[in-house]
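Chains as they are written, first to last, in the working numbering: chain A, 43 to 506; chain B, 43 to 506.
Just so you know, even glycine gets a beta-carbon here, dropped at the ideal spot from N, CA and C.
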């Protein structure tokens, strides 16, 4: 572990150095520090000792160099929507808030790619792309920054069609632990020129460097889009429909599962009136004829699996309302119990094991005293249980952790992963050995090679 | 550099250790050693001091441990089809020939993935998958092993639709420099559980460890397939057709360019009678109606770009003949000058720059005395110039290197890469700094972290 930052920041001259660089873009205010030490999860907040708001790569390099000299941790911060404590300054240190670095730097419409500063959000980029016929496809529930999405290897509702950040990032600009700046790749669609640094930094959660620029693939806005809502008698039927849809090769753009509890939550939160039963939300992208074909194929599959109703939504407003409700699902679930926090599980399994995994999980939840809706990007084999709890109530936290651990071990036994898209942070560190075994020592060797003093977001992913 | 292997192998007891493990699966025969020190390129052969033929992971671990103790290089060998000297034992050492580890270990048809030992070839896997309705899509010209394809981050004709080995590999089994065995990932389609070791080893060319198992995504065999051959008046028109096809969003499965010289080569080699003019080979995958739509769209685009003839090939035998000719193109080019070797360039640029890049390259070739046909996976922005030369003729080698260097620098100036799919080996090391700059020092740090004694395929990718 690095030395605690607090003393160093306040006593060691670092504060003067930072003030000289950042002026009033350095904050020591309690409210600012506290806001930057917490994400949207139940994990305990840890305020950094100081927060800086750089304007460009050079300023990020300057803070990295200063912190390296003083052996003080550097914690990157996008918009604070992580779910595994990734932004908590558990060893103190300086939070680097990238929200002012939110420019769209380049759009190459012919090459279907764009480069943004790390602080740009998905909605900002897509708004910028409005007139190009292109869109940025990675779509987590929150309107996260692209730097944050890259750092956690995020995905979301349409990864089943367009891939996660792993497939979407073409290259990164990264400030290393010693303050050097590198670009991990050029814009060619493929390259075999040396080690894949892009993919190494995607998912590294700030522990190997600070991502400051992100180049991503874009996709053409489809000629036609349609959506459908399918209600099922039980979870097993819904998940069997998912599995068969994926295996049939239908190129669904989105295929999302909400159980009866989640449906109740979004009905209340978004003023909807869906039936309280396991439900799939679909979206289809393609040619006008193609989306009709896709929807018909899926309706036929659903019909063989106790589908209680298959409702098409071709109207753009209705679709927007539907997907907004899905995107708000996490907040809707939290609102089921006002004041609660969420422990969101994130297992992902091979799709052939998905039905078994979800049904057994639902049984665990039914036997527990916690309220815990299920929502999921089931086309990838990934789903979340949002366990609503009072972080001050030790019994509730213990029960949520017990259920989470059972889920993780079940997923691992099915050749799955403890986290499909939220990352490790502090919340999943305990499962990394169970998942990767000896490979964890390779990760540790990489961490030591790139951050020998352990000052880049220390205490996340790995204990060094 | 590691110490030279020869002395160590022969004098230091290592030979006895290897003989105890491998018995008659250890070879010191000149012919065997020489065959294992050369690939299909013009690069000078360097025979290893010994060749071993392991049967399982444990035996690969045993040879790695023995070589680590004696500080002797380990060079993995698949089937010897690399093009940048990747298998040359330039520091001596022990060649690990994985050809006897060619089992298909697991096929999960429902999850659309398969795990093979590293020595299995693409054709072996696809033959095994015959009755599943699935296929392995990565398709380099040679029938390479999956371990070799993973190690060089290979791609080939249908990467434009199905991705390269970067997108195709789900996980690897790897023997590390010290003989430990790790698995880089489980079978879930996505994961955010720590550093992406899979992508780190994909493209590492044996310099970080020996890949012994490969888990890959499979794809459903499309309902319908059709192909087309389109002849153009000039290169610019052909490449403009490619660019517009990609930008139109047509999901072409293959789109290959051959210039007039390549067409001459494949006509002679494969007994065909195509017109000697720049030509595109297309393949379309989809529903019966979909492939017709795709082909019509592309025919219309070609018609706007001086297409001299658009010939559909829906007959399976005709298609097979056409693609076999394309796959044999490298050998066909070499046969234009019997006894010659090939220096195959491999630049890849953003597709918006492709026409400019190819036309300027053709001009360079026209002004040179070398015969140098152009073939390429142009949908990705990737193409090859096969410069035919006598490796003993210093003038020819110098001229080929001069042209290659001009191409690489042109590609880098266009935000492209020196190698789209062949890898670095010994042939592209000199360009790595120009392409990646400071990032090369990060690659070097990774190499040192995982192979501190520099015994894993030393002298490739990086000088440590």
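Judged by DSSP in its simplified three-state form, residue 347 of chain A adopts coil rather than helix or strand. Per DSSP, reduced to three states, the secondary structure at residue 250 of chain A is coil, with no helix or strand assignment.
Residue 356 of chain B and residue 251 of chain A have their C-alpha atoms roughly 52 Å apart. Residues 393, 394, 396 and 397 of the same chain have their beta carbon placed closer than 8 Å to that of residue 285 of chain A, with the five preceding and five following residues left out of the count.
With a cutoff of 9 Å on beta-carbon distance, residue 489 of chain B and residue 210 of chain B are scored as not near each other. DSSP places residue 366 of chain B in the uninterrupted alpha helix (DSSP H) bounded by 358-369. Cβ-Cβ separation between residue 159 of chain A and residue 173 of chain A: approximately 21 Å, too far for a contact (criterion under 8 Å).
If you draw a straight line from the Cα of residue 255 of chain A to the Cα of residue 163 of chain A, it comes to about 12 Å.
For the pair residue 431 of chain B and residue 204 of chain B, the CB atoms are not nearer than the 9 Å cut-off. Following the DSSP letters along the chain, one finds residue 78 of chain A inside the alpha helix (DSSP H) bounded by residues 72-78.
Here residue 93 of chain A is buried, its C-beta having at least 16 other C-beta atoms within 10 Å. Annotation: residue 219 of chain A has no Cβ neighbours in chain B at a cutoff of 7 Å; minimum Cβ distance is about 11 Å.
For residue 388 of chain B, the secondary structure class from DSSP, reduced to helix, strand or coil, is coil. Secondary structure note for residue 137 of chain B: it is in no alpha helix (DSSP H), and the uninterrupted beta strand (DSSP E) holding it is 136-139. Here DSSP, grouped into helix, strand and coil, assigns residue 153 of chain B to coil. If you draw a straight line from the Cα of residue 245 of chain B to the Cα of residue 117 of chain B, it comes to about 15 Å. Look at residue 303 of chain A here: in three-state DSSP terms it is helix.
Around residue 226 of chain A, the beta-carbon contacts reaching into chain B at under 7 Å are 481. Cβ-Cβ distances below 6 Å link residue 279 of chain B to 347 and 348 in the same chain, with the five nearest sequence neighbours on each side left out; the list follows chain order.
Proximity of chain A to residue 103 of chain B at the Cβ level (cut-off 9 Å) is not reached, the minimal Cβ distance being about 12 Å. Separation of the CB atoms of residue 295 of chain A and residue 435 of chain A is rounded to 40 Å, and the pair is thereby denied contact status at 8 Å. Under the three-state reduction of DSSP, residue 217 of chain A is assigned to strand.
Under the Cβ distance rule, residue 64 of chain B does not count among the residues neighbouring chain A, no pair being separated by less than 9 Å.
For the segment 416-428 of chain B, residues whose beta-carbon sits nearer than 8 Å to a beta-carbon of chain A comprise 422, 423 and 424. Selection B:122, B:428 and B:483 evaluated against residue 386 of chain B yields B:428 as nearest (Cα-Cα).
In the displayed model, residue 329 of chain A falls within coil according to three-state DSSP, outside both helix and strand. Boundaries of the beta strand (DSSP E) harbouring residue 274 of chain A: 266-274, taken from the DSSP string. Listed by position along chain A, the residues whose Cβ is nearer than 7 Å to that of residue 209 of chain B are 209. Between the segment 451-466 of chain B and the segment 108-122 of chain B, the count of C-beta pairs closer than 8 Å stays below three; the two stretches do not touch.
Taking one beta carbon from each stretch, the segment 186-199 of chain A and the segment 119-128 of chain A have 3 or more pairs nearer than 8 Å; the two touch. For chain B, the residues of the segment 143-161 of chain A that bring a beta carbon within less than 9 Å of one of its beta carbons are 150, 151, 152, 153, 154 and 155, in chain order. A straight line joining the alpha-carbon of residue 112 of chain B with that of residue 505 of chain B spans about 21 Å. If you look at residue 164 of chain B, you'll find it in the alpha helix (DSSP H) that goes 164-170.
Judged by DSSP secondary structure, residue 418 of chain A falls outside any alpha helix (DSSP H) and instead within the beta strand (DSSP E) spanning 416-419.
Looking only at A:380, A:175, A:412 and A:243, the smallest Cα-Cα distance to residue 440 of chain A is reached by A:412. In the DSSP assignment, residue 383 of chain B is bridged to B:431.
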